[in-house]
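Taking it in order: structure first as structure tokens, then the write-up.
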Amino acid sequence: EASWGANPIFLKNTIMFASSARLATRAAPLGVVGAAAFLSATPVEAKSAVDISAVRKDIANLIETDAAKRGDGTSYTGTFVRLAWHCAGTYSKADNSGGSNGARMRFNPEASWGANAGLGGARDALEPLKAKYPDLSYADLYTLAGVTAIEEAAGPTIPWRSGREDMPSGESSPPDGRLPDADKGNPPKTIEHIKAVFNRMGFSDRQMVALSGAHALGRCHENASGYWGPWTFAETTFSNEYFRLLIEEKWTLKTTHNGKPWTGPVQYEDSTGKLMMLPSDVALLQDAELRKVVELYAKDEDLFFKEFSAAFSKLLELGVPFPKAWWKFW
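Our numbering numbers the first residue of the sequence shown as 603 and each following residue consecutively.
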């Protein structure tokens, strides 16, 4: 974020200067572009040879084509968001380790972490796009897939830029256990755990609740997490429905599934038995301050979209050594 100070003349002149530099970049000969780009306030993408708009279109087409093949109302939408989330959610601000840079989930140990179960299929689905755009890093591809999935699902625009690099192995992977667990045995311990996970990355409790709103998309699968079901009736549409349902529905412990006793982990269901909430979702209601944020987002989708967009963009950039904008060198 730029710190412009309180001088309106400086602000006006700086914006004019940056705009001039961008115009110069478009019109100047190749030999001059480098200098003009450096002066521009717009970050220069490390992989400028890649047509990002084309990649976005291909990701969107992949989601749409796969959804049509399934024909059951599900798609890669939620899975791609989870892929991006889990690539980035290993970050620790204490030592700047983890994060999306490196795309180490392609390798063990991260590929075999329990928290990443079921994501191998999403990575495999993106392989043809990696082959089509070899100059795009896996780290950029995985995070862009999550961003595109949200935007294509009628969600907010997520600020995103390329420039992440790939690691050749999983040797630099952080230790297992950095991704949030859905249940720590009781609500107080679960809340303490998820707060610690998000605070470790540098997020506030409010940003934590905003990011939890990604549960509007997708569903849980017994063969991956052990849990079952979607959070909403529109699992391919991004909205504040997760928060509204969390507040308005009565959530009870799931005891049966398809007419048989439920033998999976503890989860909650609505009155229809078709929707689910994890213990970590329900725990948000049992913390007075977190519940206030849930209620706020349930009433104001525009506010939720705005704050989710900022938090998700931040998540995907944690630990990524993007070059500084020119005004930050002073």
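Note that beta-carbon positions come from the ideal geometry of N, C-alpha and C, so glycine has one too.
Integer-rounded CB distance, given that residue j should sit under 8 Å from residue i
| i | j | result |
| --- | --- | --- |
| arginine 706 | serine 774 | 7 Å |
| tyrosine 693 | methionine 803 | 5 Å |
| proline 770 | serine 699 | The pair is not a contact, with the Cβ atoms about 17 Å apart (cut-off 8 Å). |
| valine 657 | leucine 731 | 7 Å |
| methionine 878 | glycine 828 | Actually they are not in contact, since the Cβ atoms of methionine 878 and glycine 828 sit about 12 Å apart, beyond 8 Å. |
| glycine 680 | arginine 808 | 23 Å between Cβ atoms; not a contact. |
| glycine 815 | tyrosine 678 | 19 Å between Cβ atoms; not a contact. |
| lysine 723 | alanine 713 | Residue identity differs from the one stated: residue 723 is glycine in this sequence, not lysine. Not quite, the Cβ-Cβ distance comes to about 12 Å (not below 8 Å), so this is no contact. |
Beta-carbon proximity of residue i to residue j, cut-off 7 Å
| i | j | result |
| --- | --- | --- |
| phenylalanine 910 | alanine 812 | yes |
| alanine 756 | phenylalanine 840 | yes |
| alanine 741 | isoleucine 661 | no |
| valine 896 | aspartate 785 | no |
| lysine 856 | glutamate 871 | yes |
| tryptophan 833 | histidine 823 | no |
| leucine 886 | leucine 880 | no |
For residue j and residue i, the rounded distance between their alpha carbons
| i | j | result |
| --- | --- | --- |
| valine 799 | phenylalanine 914 | 15 Å |
| lysine 659 | glutamate 753 | 11 Å |
| leucine 918 | arginine 684 | 12 Å |
| serine 702 | glutamate 850 | 35 Å |
| asparagine 801 | glutamate 767 | 25 Å |
| threonine 745 | glutamate 729 | 14 Å |
| glycine 765 | phenylalanine 924 | 7 Å |
| lysine 926 | leucine 920 | 14 Å |
| tryptophan 687 | leucine 781 | 9 Å |
| asparagine 788 | serine 655 | 45 Å |
| threonine 759 | phenylalanine 682 | 16 Å |
| glycine 772 | aspartate 697 | 18 Å |
| glycine 779 | phenylalanine 805 | 18 Å |
| alanine 733 | glycine 704 | 18 Å |
| leucine 905 | alanine 912 | 11 Å |
| glycine 716 | histidine 859 | 23 Å |
Outcome for residue i when other beta-carbon atoms lying within 10 angstroms are tallied against a minimum of 16
| i | result |
| --- | --- |
| glutamate 883 | First, the amino acid is wrong: residue 883 is aspartate here, not glutamate. That one is buried. |
| alanine 690 | buried |
| asparagine 842 | buried |
| threonine 792 | buried |
| phenylalanine 835 | exposed |
| alanine 751 | buried |
| threonine 874 | exposed |
| asparagine 585 | This structure leaves residue 585 out entirely; the chain is present only between 603 and 932. |
| arginine 672 | exposed |
Extract the residue ranges of the alpha helix (DSSP H) inside the region 727-765, only unbroken runs of 4 or more that lie entirely within it. 740-754
Every unbroken alpha helix (DSSP H) within the region 829-883, with a cutoff of 4 residues, ordered by chain: 843-850
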